[in-house]
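Positions -1 to 190 (this note's numbering) are the ones given, in order, by the sequence shown. Here is the structure we will look at.
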Amino acid sequence: MNTGKTEKMVTLSLLAGIAYLLMFIEIPILPVFGWLKLDFSDIPILIGTFLYGPVSGILVAFIRSTLNFITSGGNLGALIGNGAGFLATVCYLVPIYSMMKKKHSNKNLIQGIMYATVLMTIFMSVANYFVITPFYLNVLGMDFGMSIATMILYGIIPFNLIKGIAVGVAFFVVYKKVIPVLEKRIAKKVSN
């Protein structure tokens, strides 16, 4: 195995580990919906995406979610939650990467974050209405104390909008400071 591939594997593994650890720093943002918590584990995933492409970013997200599934008991509830988190991350990273692939600019990054936030919000709303929440209700016997439509309107939609914007702002700062340094380091190693 050559050094470039080894370094890529190590970098992606480290990013997955950091993303996993960041999942433990959770911020509840909607008191009525205490199970919806904001974390910044998507930032290392986005870094991996911008360094090595969207497939690598998706791999980092998969490793993060798998680690969290295993360490949170490996039960059905953890599988549903981590599966939903993984899908939300993929919905978020693809539009950002696609916009920046056209041209690296602040405008494209901001547009990508906006598109990603809207896509993630729509996807997670539909997924929660038809699959995720009914699964929690019917298979796990949970009761959220409100209709699915109410939960989506007052919980899922605002949560995903806030999450998309918060993660986007944080990534914008990281992107401007960290990505150029990492890209230069990788380019330098590849040329040696």
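Beta carbons are placed, not taken as given, at the ideal position from N, Cα and C, and that holds for glycine. None of the values given here were measured: they were computed from a predicted structure.
Considering only C-alpha positions, which residue in the set Pro52, Val8, Gly79 and Pro42 is nearest to Pro132? In the sequence shown, counting from the first residue as 1, residue 132 sits at position 134. Ranking Pro52, Val8, Gly79 and Pro42 by Cα distance to Pro132 puts Gly79 first.
Bridge partners - Leu36, DSSP secondary structure assignment: As a position in the sequence shown, residue 36 is number 38, starting the count at 1. Paired residue(s): Ile25.
On a CA-only basis, which of Leu74, Lys99 and Pro156 is nearest Ile130? Give me that one, please. Position 132 of the sequence shown, counting from 1, holds the residue named residue 130. It is Leu74.
Anyone know if the C-beta pair for Thr115 and Gly166 falls short of 8 Å? Locating residue 115 in the sequence shown gives position 117, where the first residue counts as 1. Locating residue 166 in the sequence shown gives position 168, where the first residue counts as 1. Yes, the pair counts as a contact, with Cβ atoms nearer than the cut-off.
Under DSSP, the alpha helix (DSSP H) around Leu196 begins and ends at which residues? Outside the displayed range of the chain (-1 to 190) lies residue 196, so it cannot be described from this structure.
Alpha carbon to alpha carbon, what distance is there between Thr4 and Ser145? Sequence index remark: in the sequence shown, residue 145 carries index 147 (1-based). Sequence index remark: in the sequence shown, residue 4 carries index 6 (1-based). CA-to-CA, the gap between Ser145 and Thr4 works out to about 50 Å.
Taking three-plus beta-carbon pairs below 8 Å as touching, is the region 37 to 45 in contact with the region 15 to 22? yes
Burial state of Gly110, where buried means 16 or more other Cβ atoms lie within 10 Å: Taking the first residue of the sequence shown as 1, we reach residue 110 at position 112. When all chains shown are included, Gly110 counts as buried.
Going by DSSP in three states, Asp106 sits in which element: helix, strand or coil? For the purposes of this step, residue 106 is taken as the residue at position 108 of the sequence shown. The sequence given here places Asn at residue 106; Asp does not occur at that position. Residue state, collapsed to three classes: helix.
Suppose you measure from the CA of Gly81 to the CA of Thr69; what does that come to, to the nearest Å? Translated into the one-based positions of the sequence shown, residue 81 becomes position 83. Translated into the one-based positions of the sequence shown, residue 69 becomes position 71. Between Gly81 and Thr69, the C-alpha separation is close to 14 Å.
Exposed unless 16 or more other CB atoms sit within 10 angstroms - verdict on Asn66: Locating residue 66 in the sequence shown gives position 68, counting from the first residue. Buried, by the Cβ-count rule.
Val179 versus Cys89: straight-line alpha-carbon distance, rounded: Stepping through the sequence shown from its first residue, residue 179 is reached at position 181. Stepping through the sequence shown from its first residue, residue 89 is reached at position 91. The alpha-carbon atoms of Val179 and Cys89 are separated by roughly 26 Å.
Take Leu10 as the anchor and find which of Ile27, Gly55 and Lys35 has the nearest alpha-carbon. As a first step, residue 10 must be located in the sequence shown, where it is residue number 12. It is Gly55.
Can you name the start and end residues of the alpha helix (DSSP H) that Tyr127 belongs to? Here the question's residue 127 lines up with position 129 in the sequence shown. Unbroken run through Tyr127: none, as it is neither H nor E.
Flag this pair as yes or no: are the beta carbons of Met149 and Phe142 separated by less than 8 Å? On the sequence shown, residue 149 is found 151 positions in, with the first residue counted as 1. On the sequence shown, residue 142 is found 144 positions in, with the first residue counted as 1. Cβ atoms of Met149 and Phe142: closer than 8 Å.
Are the beta-carbon atoms belonging to Ile43 and Val53 less than 8 Å from one another? Within the sequence shown, the letter at position 45 stands for residue 43. Within the sequence shown, the letter at position 55 stands for residue 53. No, the Cβ-Cβ distance between Ile43 and Val53 is not below 8 Å.
Please specify which runs of the alpha helix (DSSP H), each continuous and at least 4 residues long, are wholly inside the region 130 to 177, giving them in chain order. 131 to 136, 146 to 149 and 155 to 175
Please state whether the Cβ-Cβ distance between Leu12 and Glu181 is less than 8 Å. As a working note, residue 12 is residue 14 in the sequence shown. As a working note, residue 181 is residue 183 in the sequence shown. At least 8 Å separates the beta-carbon of Leu12 from that of Glu181.
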